[in-house]
Amino acid sequence: MADHAGRRCCLGWDFSTQQVKVVAVDAELNVFYEDSVHFDRDLLEFGTQGGVHVHEDGLTVTSPVLMWVQALDIILEKMKASGFDFSQVLALSGAGQQHGSVYWKAGASQVLTSLSPDLLLHEQLQACFSISDCPVWMDSSTTAQCRQLEATVGGAQALSCLTGSRAYERFTGNQIAKLYQQNPEAYAHTERISLVSSFAASLFLGSHSPIDYSDGSGMNLLRIQDKVWSQACLGACAPHLEEKLGLPVPSCSVVGAISSYFVQRYGFPPACKVVAFTGDNPASLAGMRLEEGDIAVSLGTSDTLFLWLQEPRPTLEGHIFCNPVDPQHYMALLCFKNGSLMREKIRDEMASSSWSEFSKALQSTEMGNSGNLGFYFDVMEITPEIIGRHRFSAENHEVSAFPWDVEIRALIEGQFMAKKIHAEGLGYRVMPKTKILATGGASHNRDILQVLADVFGTPVYVIDTANSACVGSAYRAFHGLAAGTDVPFSEVVKLAPNPRLAAAPTPGASQVYEALLQRYAMLEQRILTQTRGPLE
Ligand SMILES: Nc1ncnc2c1ncn2[C@@H]1O[C@H](COP(=O)(O)OP(=O)(O)O)[C@@H](O)[C@H]1O
Ligand SMILES: O=C(CO)[C@@H](O)[C@H](O)COP(=O)(O)O
């Protein structure tokens, strides 16, 4: 019998870009089980790279919905085979990569409610989707729909004030508008549209799960102040959209009990609660127990930076989402598309595909890289909209190549300088008590975290697992169980292990980066002006 038998717990799931992950957290808030299924490695038949398919136009990016379902089957079977005691699961919640959308075909809810425990989920859900390839957050094919949406509500700033963001290509409303315009039949045959998060919750619930306020804020459709769908935005995207989306719910809502499929096949207790699933970044905010004044930096497939906010101040850059753990508050988020996959490319080109070689370059080069600076955006970046690799010497001359170790430092310093500059653009300032909480796959790399600490001039902390979205989902499940008694989230997680210091700023770092940050910002503007012309 496995040593995790008989421990009462909550499960936290994460349906992220490259994998499905799970953790089990016991009542003392210790993580005692972790597992994952990696799409490229474990589900070869879908032929994804980094969990996605990039289409011929270079802009459309999708993932097969049945790959996500099958990944859940595999991970549940692995847990069963390891002796995991499902009968002790009190509640579960989860997270999904943000903005992606799933289109359930008419009749799907009937299938969901009558699943046979003798078969796997993917064997039974084959015919349940009106499109098999779901648009995901890396898609940037909806510029026309974005401009239409902004025009309908009075411009980009007006849309941002209403929904927390100007129109972004990956945001779900614009993706739905594209689907409706290009494939009206599939749209007409769709009974329900889920986010990746609410889709995953629906599998556990055995019926369509509602979208929560926090992940719903990444759609350009939800009014973030009063938390209802904007009729103007819905109308601009597609007809009958409100009925296909269902009503949004607070993020800590219990959306129901687990479906009988999981009770019969895996032995979950019938009373096991499903707490609304949310976006992976909001779930990470919960997992790291972010406090006002802290900065979270997630180094997953995407790089994101997010903050806790009391008052929303929507602008033309970045996003304001409803806060996933406190319904009165908000979070601000910046997303950088060229994150881990860009680091992997440079690692493969310059460091023999080895993270330890990559680290050696960071160890053997000086802070500030002797004035050499680089921008590495193999895919069109979101923050800011730049594509291509651009390298500059200390004299600000564009150069075509750097030595291998200079290239690696230029990549990592550039990525973190961009984060600091754009966070300051949102009005954020590093204060003496500020700490950075780092998470995501690349937070395993101490040399990368050292550069992060040096560029920001702030200590960097990590939690025990880099799967903060999973841990946050399990914490949110405990919160969902307790919320009937109106307990604040901070009270529920007060006994969770504290983050550990991973890197402190090197003496003299602030002086080195002060001048470099100014140069980086100036050169970023120069590239932007060269590529899109001067702003009017
Ligand atoms: N030691 C390491 N150094 C740098 N990056 C790493 C290291 N280990 C893993 N990674 C990166 O972590 C990424 C996956 O991060 P993860 O947070 O699990 O992604 P996601 O949740 O988006 O699926 C990989 O693409 C890989 O590049
Ligand atoms: O688009 C965003 C946030 O706005 C991305 O951060 C996605 O949520 C993908 O997350 P990862 O799989 O990279 O964690």
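So the sequence shown is numbered by the UniProt record's numbering: it starts at 1 and just counts up by one.
Ideal Cβ positions, reconstructed from N, Cα and C, are used throughout, including at glycine.
Quiz item: Cβ of residue 511 within 6 Å of any heavy atom in ligand 1?
Solution: no
Quiz prompt | Proximity to residue 9 [Cα-Cα], best of 473, 527, 506, 250 | solution = 473
Quiz item: Under the three-state reduction of DSSP, which class applies to residue 502: helix, strand or coil?
Solution: strand
Quiz item: Which value, in whole angstroms, describes the spacing of the CA atoms of residue 60 and residue 140?
Solution: Spanning the alpha carbons of residue 60 and residue 140 requires a straight line of approximately 6 Å.
Quiz item: Can you list, in chain order, the residues of its chain whose CB lies under 8 Å from that of residue 393, leaving out five sequence neighbours each side?
Solution: 371, 372, 399
Practice problem: Taking residue 237 as the reference, give the member of 243, 221, 247, 246 with the closest Cα. | Solution: Closest option to residue 237, Cα to Cα, is 221.
Exercise. Over the uninterrupted beta strand (DSSP E) stretch that includes residue 375, give me the two end residues.
Key: 373-377
Quiz item: Can you list, in chain order, the residues of its chain whose CB lies under 8 Å from that of residue 161, leaving out five sequence neighbours each side?
Solution: Short of 8 Å from the beta carbon of residue 161, and not among the five residues preceding or following it, lie these beta carbons of its own chain, in chain order: 314.
Quiz item: Would you call residue 240 buried or exposed, if buried means 16 or more other Cβ atoms sit within 10 Å of its Cβ?
Solution: exposed
Exercise. Consult DSSP for residue 78 and reduce its assignment to one of helix, strand or coil.
Key: helix
Quiz item: If you drop the 5 nearest sequence neighbours on each side, which residues of the same chain put their C-beta closer than 7 Å to that of residue 537?
Solution: Outside the shown range of the chain, which is 1 to 536, sits residue 537, and nothing can be said about it.
Exercise. Confirm the yes/no value for this check: CB of residue 13, any heavy atom of ligand 2, distance under 6 Å.
Key: no
Practice problem: Identify whether residue 278 lies in helix, strand or coil by the three-state DSSP scheme. | Solution: strand
Quiz prompt | Check whether residue 483 and residue 252 have beta carbons under 7 Å apart | solution = The answer is yes: Cβ separation under 7 Å.
Quiz item: Which runs of the alpha helix (DSSP H) fall wholly inside the segment 508-534 and span at least 4 residues, in chain order?
Solution: 509-532
Self-check item: Test item: CB-CB of residue 200 and residue 94 under 7 Å
Solution: Yes.
Quiz item: residue 208 and residue 197 look like a contact to me (Cβ under 8 Å); what is the Cβ gap, rounded to whole Å?
Solution: In fact, because the Cβ distance is near 13 Å, the residues do not count as touching under 8 Å.
Self-check item: Span of the alpha helix (DSSP H), counted from its first residue to its last, around residue 342
Solution: If you look at residue 342, you'll find it in the alpha helix (DSSP H) that goes 340-350.
Practice problem: Would you mind sorting residue 150 into buried or exposed? The rule is 16 or more other CB atoms within 10 Å of its CB. | Solution: buried
Exercise. Quick one: give me the first and last residue of the alpha helix (DSSP H) that residue 289 is part of.
Key: It is not in any alpha helix (DSSP H) - residue 289 carries neither H nor E in the DSSP assignment.
Quiz item: Where are the beta strand (DSSP E) runs, 3 residues long or more, that stay fully inside the segment 117-178, in chain order?
Solution: 133-135
Quiz item: Just checking, does the segment 429-449 make contact with the segment 465-472 on the three C-beta pairs under 8 Å criterion?
Solution: yes
Practice problem: May I ask you to verify whether the segment 519-532 touches the segment 412-419, counting CB pairs closer than 8 Å and requiring at least 3? | Solution: yes
Quiz item: How is the beta strand (DSSP E) around residue 420 delimited, first residue to last?
Solution: In the DSSP assignment, residue 420 falls outside any beta strand (DSSP E) and within the unbroken alpha helix (DSSP H) covering 404-425.
Practice problem: Would you identify the three-state DSSP class for residue 95, choosing helix, strand or coil? | Solution: strand
Quiz item: Any heavy atom of ligand 2 closer than 6 Å to the CB of residue 302?
Solution: Yes - ligand 2 has a heavy atom lying nearer than 6 Å to the Cβ of residue 302.
Self-check item: Reduced DSSP category for residue 331 - H, G, I as helix; E, B as strand; rest coil
Solution: strand
Quiz item: Between the C-alpha atoms of residue 142 and residue 106, what's the straight-line distance to the nearest angstrom?
Solution: 26 Å
Practice problem: Tell me whether the beta-carbon of residue 48 lies closer than 7 Å to the beta-carbon of residue 130. | Solution: Residue 130 is positioned such that its CB atom lies no closer than 7 Å to that of residue 48.
Self-check item: Close-in-space but distant-in-sequence residues of the same chain around residue 148 (CB under 6 Å, 5 per side omitted)
Solution: none
Quiz item: What beta strand (DSSP E) runs, 3 residues minimum, are completely inside the segment 424-507?
Solution: Whole beta strand (DSSP E) segments, 3+ residues: 436-439, 460-462, 500-503.
Self-check item: Run of the beta strand (DSSP E) containing residue 204, from where it starts to where it stops
Solution: Element bounds for residue 204: not the beta strand (DSSP E) but the alpha helix (DSSP H), 196-205.
Quiz item: Beta carbon of residue 97: closer than 6 Å to some heavy atom of ligand 2?
Solution: yes
Self-check item: Cutoff 6 Å; reference residue 305; Cβ partners in own chain excluding five residues on either side
Solution: 297, 334, 419, 423
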